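Chains A and B, in that order, are what the protein sequence lines are. Residue numbers for the first sequence follow our numbering, so the first one is 14 and each next one is one higher. Residue numbers for the second sequence follow our numbering, so the first one is 99 and each next one is one higher.
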Amino acid sequence: ESERQQCISMGFDWGAYLVNKKSSAATVELFQHSPMSAHWGEIGSGMKVEVLNLDCNLNTKVFWIASVVQVAGYKAKLRYEGFGEDACCDFWCNLCTLDVHAVGWCATIGKPLVPPQTIQHKYTNWKTFLVRRLTGAKTLPNDFQRRVIESVKSQFLTNMRLEVVDKTKISRMRIGIIEEIVGGRLRLRYEDSDYVNDDFWCHSQSALIHPIGWCERVGHKILVASKDYKNKKGFKNAKQELFPAVKQVKSCGFKPGMKIEAIDPLNLSAICAATVKKVLKNGYLMIGIDGSEAADGSDWFCYHCTAPSIFPVGFCIENGISLSVPNAYKDSFTWETYLNETSSSAAPVELFDRDLPDHGFKRGMKLEAVDLMEPRLICVATVTRIVGRLLHVHFDGWENQYDQWVDCNSPDIYPVGWCELVGCELQAPPNMLV
Amino acid sequence: DTERKVSRKWEQKQVQIKTLEGEFSVTMWASDNKK
Numbered sequence: 014e015s016e017r018q019q020c021i022s023m024g025f026d027w028g029a030y031l032v033n034k035k036s037s038a039a040t041v042e043l044f045q046h047s048p049m050s051a052h053w054g055e056i057g058s059g060m061k062v063e064v065l066n067l068d069c070n071l072n073t074k075v076f077w078i079a080s081v082v083q084v085a086g087y088k089a090k091l092r093y094e095g096f097g098e099d100a101c102c103d104f105w106c107n108l109c110t111l112d113v114h115a116v117g118w119c120a121t122i123g124k125p126l127v128p129p130q131t132i133q134h135k136y137t138n139w140k141t142f143l144v145r146r147l148t149g150a151k152t153l154p155n156d157f158q159r160r161v162i163e164s165v166k167s168q169f170l171t172n173m174r175l176e177v178v179d180k181t182k183i184s185r186m187r188i189g190i191i192e193e194i195v196g197g198r199l200r201l202r203y204e205d206s207d208y209v210n211d212d213f214w215c216h217s218q219s220a221l222i223h224p225i226g227w228c229e230r231v232g233h234k235i236l237v238a239s240k241d242y243k244n245k246k247g248f249k250n251a252k253q254e255l256f257p258a259v260k261q262v263k264s265c266g267f268k269p270g271m272k273i274e275a276i277d278p279l280n281l282s283a284i285c286a287a288t289v290k291k292v293l294k295n296g297y298l299m300i301g302i303d304g305s306e307a308a309d310g311s312d313w314f315c316y317h318c319t320a321p322s323i324f325p326v327g328f329c330i331e332n333g334i335s336l337s338v339p340n341a342y343k344d345s346f347t348w349e350t351y352l353n354e355t356s357s358s359a360a361p362v363e364l365f366d367r368d369l370p371d372h373g374f375k376r377g378m379k380l381e382a383v384d385l386m387e388p389r390l391i392c393v394a395t396v397t398r399i400v401g402r403l404l405h406v407h408f409d410g411w412e413n414q415y416d417q418w419v420d421c422n423s424p425d426i427y428p429v430g431w432c433e434l435v436g437c438e439l440q441a442p443p444n445m446l447v
Numbered sequence: 099d100t101e102r103k104v105s106r107k108w109e110q111k112q113v114q115i116k117t118l119e120g121e122f123s124v125t126m127w128a129s130d131n132k133k
């Protein structure tokens with residue numbers, strides 16, 4: 014952790030890093046929960062924008078027109094108009110910052126465009142040049158920045174209450190109060206906690222949070238709360254409609270004792286042999302990871318039966334993934350023997366949701382990903398493997414033991430430039446420290 | 099088809115440009131705000 018702290022970098026240069034690593038970034042459209050995702054298809058090479066002119070010695074902020082050379086997440090490599098094929102002054106810029114505008118913005122505020130001083134004498138008639146370069150070209154919509162601001166807004170508000178997984182004992186739920194919202198991520202304070210900094214970060218679309226009353230509704234028995242927890246003076250409960258909808262399930266078909274494979278919620282790089290411990294209402298299941306179960310069930314975890322983190326028996330072997338099994342079976346595990354020896358049965362394949370979206374992620378793509386073991390940290394990461402809808406995410410510069418399996422629709426992965434856009438720290442790879 | 103898709107998504111607009119030498123307008127494409 015202390016090593017991580019040293020690596021915090023507000024100034025991580027994604028552009029140089031991508032060039033250096035010869036890597037591409039996952040496009041914004043692949044992250045449906047991310048701001049501007051629905052509009053990002055409109056952004057592409059050749060598009061013109063008005064952007065801060067950094068090649069000038071005037072005392073005031075002036076702008077010039079630049080062309081998008083390359084797009085990487087929210088970031089774009091720009092070239093000032095007038096440089097032609099000369100890439101010497103290309104620069105990377107986050108397109109969602111306040112210094113990038115649609116062409117025409119400067120004129121609307123009466124500000125003249127000023128060419129960069131490197132090329133200011135290159136053309137005697139800038140008007141003719143610009144008319145030729147701009148006519149028929151694409152630019153951003155006038156309301157681009159308003160769209161950015163709107164899309165970053167969250168419907169959750171601070172001081173709203175909800176039910177959240179207890180990070181210290183994942184089988185139980187607690188009441189959380191939203192203390193802070195950054196880019197749709199919530200910093201929750203456990204209501205019953207005496208410690209000021211006893212908080213927990215998760216995305217507003219996370220499966221770890223639910224509206225007040227959810228535990229009672231689904232029959233989740235362990236909620237740390239007083240009898241009259243449903244309302245608290247001075248606070249508002251977050252309404253049901255703010256939470257992502259889960260697939261409606263009348264009878265999920267899972268039975269206690271059935272064996273499955275599941276991502277270990279306490280070690281997200283591992284897919285483990287697991288057991289359905291309890292079937293709750295509305296399709297929710299309490300799952301125990303075989304071999305690491307605490308005697309009191311305190312490490313059981315609640316997954317919805319349609320969650321992309323649970324798999325039928327045989328999933329790992331079918332996909333060439335190493336299955337984590339109880340120690341006693343480490344050298345000789347086969348599902349057949351294990352089911353026999355534990356007198357259990359495998360959950361039928363048809364009970365699992367095998368929906369496979371055409372997600373568009375590719376191996377090698379760079380992104381920003383939450384370290385789910387320390388969810389306040391968002392790190393530079395790479396998709397290293399893809400199995401159906403599952404992405405294997407590696408944190409750049411860190412050992413493979415910190416890797417995580419995440420779903421392609423996980424709200425805990427973001428496009429390159431997301432941290433900068435929403436104003437939070439990005440953890441640079443440790444070897445990037447100067 | 100591609101032509102129709104583009105015309106639905108993008109609209110032509112007159113864009114005003116102000117430089118140190120004066121103002122003029124150009125025709126550019128921007129995505130349709132309403133869609």
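The beta-carbon is built from N, C-alpha and C at its ideal position, and this holds for glycine as well. Remember, it's a predicted structure, so these values are computed and weren't measured experimentally.
query = Does Asn155/A come within less than 8 Å of chain B when only Cβ atoms are used?
reply = The residue labelled residue 155/A in the question sits at position 142 within the first sequence. So, interface residue.
task = Within the same chain, show all residues whose beta-carbon is closer than 8 Å to that of Lys61/A, passing over the 5 residues directly before and after it, in chain order.
result = Reading the first sequence from its first residue, position 48 is the one you call residue 61/A. Same-chain partners within the cutoff: Ile78, Ala79, Ser80, Val81, Glu94, Val116, Arg146, Leu147, Ala150, Lys151 and Thr152.
request  = Grab me the residues of Ala85/A's own chain with a C-beta within less than 6 Å of its C-beta, minus the 5 sequence neighbours each way, in chain order.
outcome  = As a first step, residue 85/A is located in the first sequence; it is residue number 72 there, counting from the start. These residues qualify, in order along the chain: Leu31, Ala38 and Val429.
request  = With distances taken Cα to Cα, identify the nearest neighbour of Gln2/A among Leu403/A, Lys290/A and Gly410/A.
outcome  = Any answer about residue 2/A is impossible in this case: the structure gives chain A only from 14 up to 447.
request  = Measure the Cβ-Cβ separation of Ser217/A and Ser167/A and say whether it is below 8 Å.
outcome  = Here residue 217/A refers to the residue found at position 204 of the first sequence. Here residue 167/A refers to the residue found at position 154 of the first sequence. Note that the C-beta distance between Ser217/A and Ser167/A is below 8 Å.
query = Going along chain B, which residues have a C-beta under 8 Å from Gly149/A?
reply = Mapped onto the first sequence, residue 149/A falls at position 136. The contacting residues are Thr125, Met126 and Trp127.
query = How big is the Cα-Cα spacing for Arg198/A and Trp214/A?
reply = Within the first sequence, the letter at position 185 stands for residue 198/A. Within the first sequence, the letter at position 201 stands for residue 214/A. Roughly 7 Å separates the two Cα atoms.
task = With a 10 Å radius around its C-beta and 16 neighbouring C-beta atoms as the bar for buried, classify Ile159/B as buried or exposed.
result = Because chain B spans 99 through 133 in this model, residue 159/B falls outside it and cannot be assessed.
request  = Measure the Cβ-Cβ separation of Ala286/A and Pro339/A and say whether it is below 8 Å.
outcome  = In the first sequence, the residue the question calls residue 286/A occupies position 273. In the first sequence, the residue the question calls residue 339/A occupies position 326. Yes. Within cutoff.
Boundaries (first-last residue) of the alpha helix (DSSP H) holding Arg376/A = Against the first sequence, residue 376/A aligns to sequence position 363. No residue range can be given for Arg376/A, since it is assigned to no alpha helix (DSSP H) and is classified by DSSP as neither H nor E.
task = Determine the chain B residues that contact Ala115/A at a beta-carbon separation under 7 Å, and present them in chain order.
result = As a position in the first sequence, residue 115/A is number 102, starting the count at 1. Residues of chain B whose Cβ lies closer than 7 Å to the Cβ of Ala115/A are, in chain order, Ala128.
query = For the beta strand (DSSP E) that contains Glu63/A, what are its first and last residues?
reply = Here residue 63/A refers to the residue found at position 50 when the first sequence is read from its first residue. Per DSSP, Glu63/A belongs to the beta strand (DSSP E) from Lys61 to Leu65.
message = With H, G and I counted as helix, E and B as strand and the rest as coil, what does DSSP make of Trp411/A?
response = As a working note, residue 411/A is residue 398 in the first sequence. Three-state result, Trp411/A: coil.
message = Less than 8 Å between the C-beta atoms of Pro278/A and Thr117/B, yes or no?
response = To locate residue 278/A, count along the first sequence from 1; it is residue 265. To locate residue 117/B, count along the second sequence from 1; it is residue 19. Cβ atoms of Pro278/A and Thr117/B: not closer than 8 Å.
task = Would you kindly report the start and end of the unbroken alpha helix (DSSP H) that includes Ser164/A?
result = In the first sequence, the residue the question calls residue 164/A occupies position 151. Its alpha helix (DSSP H) spans residues Phe157 to Val165.
task = List in chain order: all unbroken alpha helix (DSSP H) runs of 4+ residues lying wholly within the stretch 35-92 of chain A.
result = Listed in chain order, the alpha helix (DSSP H) elements of length 4 or more contained wholly in the stretch 35-92 of chain A amount to none.
inquiry  = Whole angstroms are fine: how far does the CA of Ser337/A sit from the CA of Gly59/A?
reply    = Here residue 59/A is taken as the residue at index 46 of the first sequence, counted from 1. Here residue 337/A is taken as the residue at index 324 of the first sequence, counted from 1. Gly59/A and Ser337/A have their C-alpha atoms roughly 49 Å apart.
message = At the level of alpha carbons, what is the spacing between Cys392/A and Thr137/A?
response = Here the question's residue 392/A lines up with position 379 in the first sequence. Here the question's residue 137/A lines up with position 124 in the first sequence. So the alpha carbons of these two residues sit roughly 47 Å apart.
request  = At 7 Å on the CB atoms, spell out the chain B contacts of Val127/A, in chain order.
outcome  = Residue mapping note: residue 127/A aligns to position 114 of the first sequence, counting from 1. Near Val127/A (Cβ distances below 7 Å), the residues of chain B are Leu118.
key: DSSP-derived helix/strand/coil call for Gly97/A   = In the first sequence, residue 97/A corresponds to position 84, counting from 1. Three-state result, Gly97/A: coil.
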